[in-house]
Amino acid sequence: MKMIGRQVAAARVAKGYTQKQLAELVKVDEETVASIEQGRRRLMPNVAELLDFHLGLPGLLTVAALQMPATDVIPPWAEEFLDREREAIAISSYENQVMPGLLQTDAYADAVFRSCVPVLGEEEVAGRTTVRVRRREILRRKEPVMLSFVIWEPVLLLQLGGREVYREQLTHLRACSELPGVSLQIYPLEHSQHPSLDGPFVLLETRDHQRLAYMESQHGSHLTSEPNEVSIVERRYAMLRTQALNPAETRAEFDRLLGES
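Printed below as a string of structure tokens:
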């Protein structure tokens with residue numbers, strides 16, 4: 004990845020482009036170009052094709068991207084997001100499918116990856132689970148992080164992994180809701196409107212107060228600092244928080260669910 008990144012940088016400089024200018028040509032964020040050049044983000048084949056075209060290369064980057072060894076347990080589109088998440092001073096997360104990654108127990112994370120289709124091998128499940136649970140260190144970082152989570156109620160009704168895994172996960176959520184700097188809210192099913200039907204997302208604020216939005220889809224993701232896109236996601240999150248149960252009501256709901264499980 005570092006070798007390919009240096010090739011991209013060398014070709015860009017030879018053409019006289021800045022990272023921002025090249026990013027605009029290939030329709031990605033400037034941060035994505037910087038991460039590729041630094042070897043922190045895998046070069047995806049579709050981006051490589053555009054780079055080859057605009058940098059006047061005879062398909063060299065496309066060949067490199069297609070031949071990259073598939074050894075990482077982290078999907079390539081998530082690598083930069085995880086880097087930014089580790090350094091963030093504030094994280095806001097909306098989930099409508101599974102528990103937020105930062106709040107998953109070991110057993111729940113394992114159940115998530117065992118639900119993947121196509122099925123993952125044992126080694127890959129173990130590797131991805133290890134990466135997922137390590138993210139929990141953010142909850143107790145020496146430099147406190149402001150953490151806000153909104154979870155749609157159906158996520159709490161899905162007993163992923165079975166009854167014991169489900170109960171352990173609920174107990175963990177209840178404990179996390181008491182941590183300093185952590186806000187947990189449930190968005191109830193009873194509402195007749197929903198401000199984020201497009202899917203889950205995460206908002207990050209970096210140490211230099213840059214604001215980022217991260218959104219996943221079936222086959223990839225989008226990490227952006229573009230002000231208009233980030234603003235739209237921030238407005239959705241503001242509406243979610245306003246209409247969700249408050250933290251005290253959410254803790255009471257966790258207690259009710261634990262009493263029934």
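In my numbering, the protein residues as written are 4 to 264.
Glycine residues also receive a C-beta, built at the ideal position from the N, C-alpha and C atoms.
Taking Y111 as the reference, give the member of E263, V120, L206, V128 with the closest Cα.
-> V128
Between T245, E40, E263, which lies nearest to R9 when the distance is taken from Cα to Cα?
-> E40
Nearest-angstrom Cα separation, counted from V134 out to V66 | 29 Å
Just reading off the alpha helix (DSSP H) that A110 is part of, what are its end residues?
-> 109–117
Excluding the five sequence neighbours on either side, which residues of its own chain have a C-beta within less than 6 Å of the C-beta of H225, listed in chain order?
-> M218
At what residues does the alpha helix (DSSP H) containing Y169 begin and finish?
-> 166–179
Of the residues Q107, C119, V50, N231, which one's Cα is nearest the Cα of E171?
-> Q107
Going by alpha carbons, who is nearest to L28 out of L53, A14, M4?
-> L53
If you count every other CB in all the chains shown that lies within 10 Å of the CB of L187, and 16 or more means buried, which is it?
-> buried
Alpha-carbon to alpha-carbon, K18 and C179 = 51 Å
Selected residue, minimal CA-CA separation from V101, among R87, A37, N249, L160 | L160
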